[in-house]
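K.L.:
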Amino acid sequence: MANYFVGDIQGCFDELMLLLDKVDFNPSKDCLWAVGDLVARGPGSLETLRFFKSLANSAKVVLGNHDLHLLAIHGKLKRANPKDHLAALLAAEDINNIIDWLRMQPLYQECPEQQLIMTHAGVPPNWDLATLHTEANRVSEILKSKNYLHDLVSEMYTNSVDEYRSSLSPLEKQIYCINALTRMRYLKQDGRLDFDCKSPIQNCNHAELTPWFELESKLPSDYTLVFGHWAAIMGQTNHPNRLALDTGCCWGEHMTLWHLESNQKITQEKLKHVKRS
Numbered sequence: 001m002a003n004y005f006v007g008d009i010q011g012c013f014d015e016l017m018l019l020l021d022k023v024d025f026n027p028s029k030d031c032l033w034a035v036g037d038l039v040a041r042g043p044g045s046l047e048t049l050r051f052f053k054s055l056a057n058s059a060k061v062v063l064g065n066h067d068l069h070l071l072a073i074h075g076k077l078k079r080a081n082p083k084d085h086l087a088a089l090l091a092a093e094d095i096n097n098i099i100d101w102l103r104m105q106p107l108y109q110e111c112p113e114q115q116l117i118m119t120h121a122g123v124p125p126n127w128d129l130a131t132l133h134t135e136a137n138r139v140s141e142i143l144k145s146k147n148y149l150h151d152l153v154s155e156m157y158t159n160s161v162d163e164y165r166s167s168l169s170p171l172e173k174q175i176y177c178i179n180a181l182t183r184m185r186y187l188k189q190d191g192r193l194d195f196d197c198k199s200p201i202q203n204c205n206h207a208e209l210t211p212w213f214e215l216e217s218k219l220p221s222d223y224t225l226v227f228g229h230w231a232a233i234m235g236q237t238n239h240p241n242r243l244a245l246d247t248g249c250c251w252g253e254h255m256t257l258w259h260l261e262s263n264q265k266i267t268q269e270k271l272k273h274v275k276r277s
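The UniProt record's numbering applies: residue 1 is where the sequence shown begins, and numbers increase by one.
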């Protein structure tokens, strides 16, 4: 059995298939882990979701910010950005089944035997494993519920919840969890999330901002944390246990696949194909 981890796909389905061909991925014996943002800027969001849904137990997926946004769009809470190429997905006859499958996916995946955690954007440095489990599982419980749109999705669009405190209300804790696990890049000096700067680290001119993975973490020191979300850093963290896999395929760069057992990365350049009809 082989474990493969893929960076943000963002609807770049053809590139994903080429990557999996390169490693002879076999769902009957291999497992494909995805760091979230399965959908958005590429032309194949529908095919991507159908593929991962078809893998069943051979896939381990976490939700990214674009995946959560899709729930809001499907629920008529937000309008789709034309640049996200979601028309075919939203018009698909099986869209309701796809959305029901998507909202069953968690915000984190863990492999204790390999001492590994995967989230979309990372884990706040002041969270230990117990806090991650508690807060992320609470969000997942609501997303799986009948009233997920009213109880959470409609409330999650705010930057005002940027700090984790015990005094936060249950809803505020859920919003912070989503903000941290799916949107985090830089932290301010007081530990609050910064939602504005997306620049590569070498181009960030804000002295008070620090990449979250450069701060001391409460996670076990021997745990590897796999994440995506931050294409601008192109997989570079300079941290042995912080593995960034978003390498900007949807922005014209490449898609990255990491083979856990050999600790090797395999890449596929963005295709210059004609837009699908």
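Ideal Cβ positions, reconstructed from N, Cα and C, are used throughout, including at glycine.
What you are looking at is a predicted structure, and each value in this text was computed from that prediction instead of being measured.
1. Is the closest heavy atom of the ligand MG to the C-beta of residue 38 under 7 Å?
2. Whose CA, out of 124, 260 and 18, lies closest to the CA of residue 30?
3. Pair every Cβ in the segment 213-227 with every Cβ in the segment 238-245, then say whether three or more of these pairs are closer than 8 Å.
4. Name the residue from 75, 130 and 103 whose alpha carbon lies nearest to the alpha carbon of residue 90.
5. Since residue 112 contacts residue 140 with CB under 8 Å, what's their CB separation in whole angstroms?
6. Residue 64: which of 41, 228, 95 and 42 sits nearest, CA to CA?
7. Just checking, does the segment 43-55 make contact with the segment 151-159 on the three C-beta pairs under 8 Å criterion?
8. State buried or exposed for residue 264, treating a residue as buried only when at least 16 other CB atoms are found within 10 Å of its CB.
9. Report the rounded CA-to-CA distance for residue 266 versus residue 12, giving the unit in angstroms.
10. Can you list, in chain order, the residues of its chain whose CB lies under 7 Å from that of residue 155, leaving out five sequence neighbours each side?
11. Evaluate contact between the segment 129-148 and the segment 84-104, counting only Cβ atoms and requiring at least three cross-stretch pairs below 8 Å.
12. Along the chain, which unbroken stretches of the alpha helix (DSSP H) at least 4 residues long are found entirely within the segment 40-85?
13. How would you label residue 255, buried or exposed, when you count the other beta carbons within 10 angstroms and need 16 or more for buried?
14. Taking only three categories from DSSP, how would you classify residue 213?
15. Are there 16 or more other CB atoms within 10 angstroms of the CB of residue 60, so buried, or fewer, so exposed?
16. Take the Cβ of residue 262 as the centre, count every other Cβ of all protein chains shown within 10 Å, and call the residue buried at 16 or more, exposed below.
17. For residue 184 versus residue 121, is the C-beta spacing smaller than 8 Å?
18. Pop quiz: residue 180 and residue 168 are said to be a contact at Cβ under 8 Å. What is the actual Cβ separation, rounded to whole angstroms?
P.N.:
Considering the structure as presented:
1. The ligand MG is absent from the structure shown, which contains no ligands of any kind.
2. Residue numbering aside, residue 30 sits at position 30 when the sequence shown is read from its first letter. Minimum Cα distance to residue 30 is reached at 260.
3. yes
4. Indexing the sequence shown from 1 puts residue 90 at position 90. Out of 75, 130 and 103, 75 has the C-alpha closest to the C-alpha of residue 90.
5. Translated into positions along the sequence shown, residue 112 becomes position 112. Translated into positions along the sequence shown, residue 140 becomes position 140. Going by Cβ atoms, the distance from residue 112 to residue 140 rounds to 18 Å, so no, they are not a contact pair.
6. Here the question's residue 64 lines up with position 64 in the sequence shown. The residue with the shortest Cα to Cα distance from residue 64 is 228.
7. no
8. As a first step, residue 264 must be located in the sequence shown, where it is residue number 264. With fewer than 16 Cβ atoms within 10 Å of its Cβ, residue 264 is classed as exposed.
9. Taking the sequence shown and counting its residues from 1, the one referred to as residue 266 is at position 266. Taking the sequence shown and counting its residues from 1, the one referred to as residue 12 is at position 12. Computed Cα separation, rounded: 16 Å.
10. Working through the sequence shown from its first residue, we reach residue 155 at position 155. The residues are 171 and 175.
11. yes
12. 45-55 and 65-74
13. As a working mapping, residue 255 is identified with position 255 in the sequence shown. By the neighbour-count definition (other C-beta atoms within 10 Å, threshold 16), residue 255 is a buried residue.
14. Here residue 213 corresponds to residue number 213 of the sequence shown, with the count starting at 1. Reduced to three states, the DSSP call for residue 213 is helix.
15. For the purposes of this step, residue 60 is identified with residue 60 of the sequence shown, where counting begins at 1. The residue in question, residue 60, is buried, as its Cβ has 16 or more Cβ neighbours within 10 Å.
16. Position 262 of the sequence shown, counted from the first residue, corresponds to residue 262. The residue in question, residue 262, is exposed, as its Cβ has fewer than 16 Cβ neighbours within 10 Å.
17. Locating residue 184 in the sequence shown gives position 184, counting from the first residue. Locating residue 121 in the sequence shown gives position 121, counting from the first residue. Going by C-beta atoms, residue 184 is nearer than 8 Å to residue 121.
18. In the sequence shown, residue 180 corresponds to position 180, counting from 1. In the sequence shown, residue 168 corresponds to position 168, counting from 1. About 12 Å separates the two Cβ atoms, so there is no contact after all.
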